[in-house]
Amino acid sequence: MAGDSSEDDGIAATALATIRTAVAGRESRTLQSFVAGTSIGRYVLHKRLGAGAMGVVWSARDPKLDRDVAIKLVHPELARSEHAATRLLREARAMAKLSHRSVITVHDAGDVDGQLWLAMELVRGTTLGHLLRSRAAAAIGDWPHWLAMTLDAGRGLAEAHRNGVLHRDFKPDNVMVDPAGRVCVGDFGLAMLGD
3 MAGDSSEDDG IAATALATIR TAVAGRESRT LQSFVAGTSI GRYVLHKRLG
53 AGAMGVVWSA RDPKLDRDVA IKLVHPELAR SEHAATRLLR EARAMAKLSH
103 RSVITVHDAG DVDGQLWLAM ELVRGTTLGH LLRSRAAAAI GDWPHWLAMT
153 LDAGRGLAEA HRNGVLHRDF KPDNVMVDPA GRVCVGDFGL AMLGD
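What follows is the structure, encoded as structure tokens:
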């Protein structure tokens, strides 16, 4: 019926959603369009470190606090909904409260023109997964070393669980190992975006 306010509200909501989707599509960059020197919030991208199912990780500079950080840019297809942005921020808040040597510290999170990102502690090194794949033959003889790294990762997970944070995607590729042997679990909240 013409003039029915509930019908008009439904049409208006549909139109608004269509406009938001169109605007987000124009404003959102592809992950390949980010280059060194690009600013994400207050952070300046430096070097692309890697990519995975959830996004791309860059080393970056925080000029305000004069420190290097890691920036994870979430794949746009995982971040299209407002629900995803809310979820990322909620997970970032939970992670930012954690303080444990075996958990990568989250410093900040945001949304720039539809691009969701996380600023985290930059752990220089490699993943436990990479170490296991590259040293598979030697791993058998060095089992105490591998056991110690696994226990460190477990301590980080236990601390997160004590604080109500579940990983949902724990695997060797989500564990960083620095040159001094420090083990840090990362990518806690991002797995939830893919749900």
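With the sequence shown counted from 1, adding 2 to any position gets you our numbering.
Ideal placement from N, C-alpha and C gives every residue a C-beta, glycine not left out.
If you're wondering where the values come from, they're calculated on a predicted model, not measured in any experiment.
Top-ranked residue by Cα proximity to residue i, from the options
{"i": "A155", "options": "L134, L133, M178", "result": "M178"}
{"i": "H48", "options": "D64, D180, H85", "result": "D64"}
{"i": "H132", "options": "L118, W148, A81, L124", "result": "W148"}
{"i": "L51", "options": "R137, I106, T128", "result": "T128"}
{"i": "Y45", "options": "S35, D68, S136", "result": "D68"}
Beta-carbon proximity of residue i to residue j, cut-off 8 Å
{"i": "F190", "j": "H163", "result": "no"}
{"i": "G43", "j": "M122", "result": "no"}
{"i": "A62", "j": "V71", "result": "yes"}
{"i": "P174", "j": "R126", "result": "no"}
{"i": "S104", "j": "V185", "result": "yes"}
{"i": "L124", "j": "L90", "result": "no"}
{"i": "F172", "j": "L159", "result": "yes"}
{"i": "N176", "j": "K99", "result": "no"}
Assigned secondary structure, residue i (DSSP; H/G/I helix, E/B strand, else coil)
{"i": "V105", "result": "strand"}
{"i": "R69", "result": "strand"}
{"i": "T88", "result": "helix"}
{"i": "T152", "result": "helix"}
{"i": "P41", "result": "The identity of residue 41 in the sequence shown is Ser, whereas the question assumes Pro. Looking at S41 - three-state DSSP - the assignment turns out to be strand."}
{"i": "L134", "result": "helix"}
{"i": "L168", "result": "coil"}
Own chain partners of residue i with C-beta closer than 6 Å, once the 5 adjacent residues on each side are dropped
{"i": "A96", "result": "V167"}
{"i": "V59", "result": "L51, G52, A72, K74"}
{"i": "R28", "result": "The pLDDT assigned to R28 is 38, lower than 50, so where the model puts this residue is not dependable; a value taken from the coordinates is nonetheless given after this. Cβ within range, chain order: n/a, list empty."}
Which residues DSSP lists as bridging residue i, in chain order
{"i": "R50", "result": "W60"}
{"i": "A96", "result": "DSSP lists no partner for A96."}
{"i": "D110", "result": "A121"}
Closer than 7 Å: residue i CB and nearest the ligand NAP heavy atom
{"i": "L120", "result": "By its list of ligands, the structure shown contains no ligand whatsoever, and the ligand NAP lies outside what it can speak to."}
Test: residue i CB closer than 8 Å to a CB of chain D
{"i": "L153", "result": "The structure shown contains no chain D; it is built from a single protein chain."}
Beta-carbon proximity list for residue i, same chain, < 8 Å, skipping 5 on both sides
{"i": "A87", "result": "A81, D113, L118"}
{"i": "A94", "result": "V108, D110, A111, L120, G191"}
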